[in-house]
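Participant:
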Amino acid sequence: MLRGKPYNPTVLTEIDILIVGAGPAGSALAYFLASAGFSVRLLDKAQFPRDKTCGDGLSPRALQVLKNIGALEAVNAAGFRIASLRLFSPNGQSFSAPILPHKNLPGHALVLPRFQLDEIIRQRALAAGAEFEQQNVSGLMEAASGVVGVSAGGNSGAPVNYRARVTVLATGASTALLERAGLLPTSFTAEGRAARAYFENVRGLMDEVEFHFDSVPLPGYGWVFPTSPTTANVGAGYVVRNGRGPQNTPRQTLEGFMANPYVSKMLAEARPATSIKGFPLRFDFATAPTAKPGLFLVGEACGLVNPLTGEGVDYALESAEIAAEIITDALRHNTPPPHTAHTYTRALRQKFLHLFTTIRRVRDLYLQPWVLNRFVRAAQKNDELKMRLVNIALGVADPLHAVSPKTLWQVAVG
Numbered sequence: 119m120l121r122g123k124p125y126n127p128t129v130l131t132e133i134d135i136l137i138v139g140a141g142p143a144g145s146a147l148a149y150f151l152a153s154a155g156f157s158v159r160l161l162d163k164a165q166f167p168r169d170k171t172c173g174d175g176l177s178p179r180a181l182q183v184l185k186n187i188g189a190l191e192a193v194n195a196a197g198f199r200i201a202s203l204r205l206f207s208p209n210g211q212s213f214s215a216p217i218l219p220h221k222n223l224p225g226h227a228l229v230l231p232r233f234q235l236d237e238i239i240r241q242r243a244l245a246a247g248a249e250f251e252q253q254n255v256s257g258l259m260e261a262a263s264g265v266v267g268v269s270a271g272g273n274s275g276a277p278v279n280y281r282a283r284v285t286v287l288a289t290g291a292s293t294a295l296l297e298r299a300g301l302l303p304t305s306f307t308a309e310g311r312a313a314r315a316y317f318e319n320v321r322g323l324m325d326e327v328e329f330h331f332d333s334v335p336l337p338g339y340g341w342v343f344p345t346s347p348t349t350a351n352v353g354a355g356y357v358v359r360n361g362r363g364p365q366n367t368p369r370q371t372l373e374g375f376m377a378n379p380y381v382s383k384m385l386a387e388a389r390p391a392t393s394i395k396g397f398p399l400r401f402d403f404a405t406a407p408t409a410k411p412g413l414f415l416v417g418e419a420c421g422l423v424n425p426l427t428g429e430g431v432d433y434a435l436e437s438a439e440i441a442a443e444i445i446t447d448a449l450r451h452n453t454p455p456p457h458t459a460h461t462y463t464r465a466l467r468q469k470f471l472h473l474f475t476t477i478r479r480v481r482d483l484y485l486q487p488w489v490l491n492r493f494v495r496a497a498q499k500n501d502e503l504k505m506r507l508v509n510i511a512l513g514v515a516d517p518l519h520a521v522s523p524k525t526l527w528q529v530a531v532g
């Protein structure tokens, strides 16, 4: 049972939906629900706009949801358009592959710093009628029916209680509130670690994102994601298994990646625009809690980050769409909270569980030096194989194709 604070009827306000966290998932959900006519309040401890450590990539799937919330025009204007991706094997070989249209998805991606992206989505939520308040949430409020709101520190330091018909946690990789509420064990540690920095005056950038499996611990990769023709988000990340990972810290891993001859040449005349910042990544959707009566979790708060690529914005936005549909239906029909929580959990599992369990198999199989070397060599000669794996990485193809007999044979023969 979730361990929250007893419900205190002395509250600051009563609203339909309270959302904690104004990142992509929280603000997108606020947009959908406010557009449906509900009273929505967004709480976040930060003053916006604010920086957020991330790789900043927006996949075609993310762009589709941004279109649905009316943010695509602003995102296209602010972001750097990506037409292809390049993958480097541990032995330094590489191939480039175009991003092609797929069904209703666009044939490109974008890179846009979260400082800008999150504010664009938040402004869409405010324009739809949601309210925003800078507030540090300290715990969940409970009654016999389930979660009925949150307690917060208050701007003056005095405690403030917020009551809502539905409460949503969109708190990203931060687990403090989840641990205090008993949703995660206090011993929980995120499976992914990464670090990034922005650079100016970077050489050789094109409309292409780079994934490097050389000069980084595996499973993991380094990246160079252009934010303009001369600036880039440069980062590196790796996976921690059973509490064990590389001896290097994320910062040291990134510094080692930047010493790679290819990358160091790109950065030879570059200037750091920011310091190096580290961040955790939660890949634990398969086992993470997603809801309980009165409470929903969206985005990385329920572990929705791709275990292979570390991409999470697309899944965050898609989970917001799913939550919005179920919450809207539940509030309009007075559906009992336990049934609503079960419906949401089932919908998320149906949407993402196969992908997450399979993509872990793909990661564990492919992110080994000899396999990556063979794969890149084979992909250089086989466009079908190349596009099959690229589409899996972009989330537009079933990851089972990566472990099909045909694919494994093509990789094996190189």
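Under the numbering used here, think of the first position of the sequence shown as 119, with each following residue one higher. Built from N, CA and C at the ideal position, the CB exists for glycine as well. If you're wondering where the values come from, they're calculated on a predicted model, not measured in any experiment.
(1) Using 8 Å as the threshold, is the region 412-429 in touch with the region 138-150, meaning 3 or more CB pairs across them?
(2) Might you give, ordered along the chain, the residues of its own chain that have their beta carbon closer than 6 Å to the beta carbon of His220, omitting 5 neighbours on each side?
(3) In this structure, does DSSP put Glu191 in helix, strand or coil?
(4) For the region 406-470, which segments carrying the beta strand (DSSP E) assignment without a break, of at least 3 residues, lie completely within its bounds, in sequence order?
(5) Under the three-state reduction of DSSP, which class applies to Ile200: helix, strand or coil?
(6) Per DSSP, which one or two residues make a beta bridge with Arg389?
(7) Per DSSP, Ile135 forms a beta bridge with which residues?
(8) In terms of residues, what are the limits of the beta strand (DSSP E) holding Pro344?
(9) With distances taken between CB atoms, is the gap from Ala115 to Ser202 smaller than 8 Å?
(10) CB Ala459 to CB Leu151, shorter than 8 Å?
(11) Ignore the nearest five residues each way along the sequence and tell me which others in Pro364's own chain have a CB closer than 7 Å to its CB.
(12) Leaving out five residues on either side along the sequence, give the residues of the same chain with a beta carbon under 8 Å from the beta carbon of Thr463.
(13) Return the CA-CA distance between Asn491 and Val278, expressed in angstroms with no decimal places.
(14) Assuming Pro411 contacts Val265 under a Cβ cut-off of 8 Å, what Cβ separation, rounded to an integer in Å, is found between them?
(15) Mind checking whether Ala270 and Val255 have CB atoms under 8 Å apart?
(16) Using CA atoms only, rank isn't needed, just tell me which of Ala386, Gly155, Gly353, Pro390 is closest to Gly396.
(17) Short of 7 Å in beta carbon distance, which residues of its chain neighbour Val558, apart from the five on each side in sequence? Order them along the chain.
(18) By how many angstroms is the C-alpha of Leu244 removed from the C-alpha of Tyr149?
(19) Pop quiz: Val268 and Ile135 are said to be a contact at Cβ under 8 Å. What is the actual Cβ separation, rounded to whole angstroms?
(20) According to DSSP, Gln252 sits in a beta bridge with which residue or residues?
(21) Does DSSP classify Gly300 as helix, strand or coil?
(22) May I ask you to report which of helix, strand or coil DSSP gives Gly374?
(23) Whole angstroms is fine: what's the gap from Ser153's alpha carbon to Arg242's?
(24) Which word fits Pro224, buried or exposed, when buried means at least 16 other C-beta atoms lie within 10 angstroms of its C-beta?
(25) Using only the alpha-carbon positions, how far apart do Ala520 and Ala261 sit?
(26) Take Gln234 and list the residues in its own chain whose beta-carbon comes closer than 6 Å to its own, dropping the five residues that flank it on each side.
(27) Between Pro303, Gln165, Asp332, which has its C-alpha nearest Pro487's C-alpha?
(28) Flag this pair as yes or no: are the beta carbons of Leu426 and Arg467 separated by less than 8 Å?
(29) Rounded to whole angstroms, what is the Cα-Cα separation between Leu293 and Pro167?
(30) Pro178: which of Asn509, Phe329, Asp169 sits nearest, CA to CA?
(31) Do you know offhand how far His457's Cα is from Ala299's?
(32) Report buried or exposed for Val229, applying the criterion of at least 16 other Cβ atoms within 10 angstroms of its Cβ.
(33) Exposed or buried, Phe306, counting other C-beta atoms within 10 Å across all chains shown (16 or more means buried)?
(34) Should Ser212 be counted as a contact of the ligand ZN given a C-beta to heavy atom distance under 7 Å?
(35) Within 10 angstroms of its Cβ, does Ser382 collect 16 or more other Cβ (buried), or is it exposed?
(36) Just tell me which of Pro517, Asp174, Ile440 has its CA closest to the CA of Ala312.
Facilitator: The short version:
(1) yes
(2) Val514
(3) helix
(4) 413-415
(5) strand
(6) Glu318
(7) Val158, Val284
(8) 338-344
(9) A question about residue 115 goes unanswered here, because the residues of the chain that appear run from 119 up to 532.
(10) no
(11) Pro335, Tyr356, Thr371
(12) Thr408, Ala409
(13) 56 Å
(14) 7 Å
(15) yes
(16) Gly353
(17) For the chain, the structure presents residues 119 to 532; residue 558 sits outside this window and is missing.
(18) 7 Å
(19) Wrong, their Cβ atoms sit about 12 Å apart, outside the cutoff.
(20) Asp162
(21) coil
(22) helix
(23) 10 Å
(24) buried
(25) 47 Å
(26) Ala196
(27) Asp332
(28) no
(29) Residue identity differs from the one stated: residue 293 is Thr in this sequence, not Leu. Rounded to whole angstroms, Thr293 to Pro167 spans 22 Å at the Cα level.
(30) Asn509
(31) 21 Å
(32) buried
(33) exposed
(34) Absent from the structure shown: the ligand ZN. Ligands present: none.
(35) exposed
(36) Asp174
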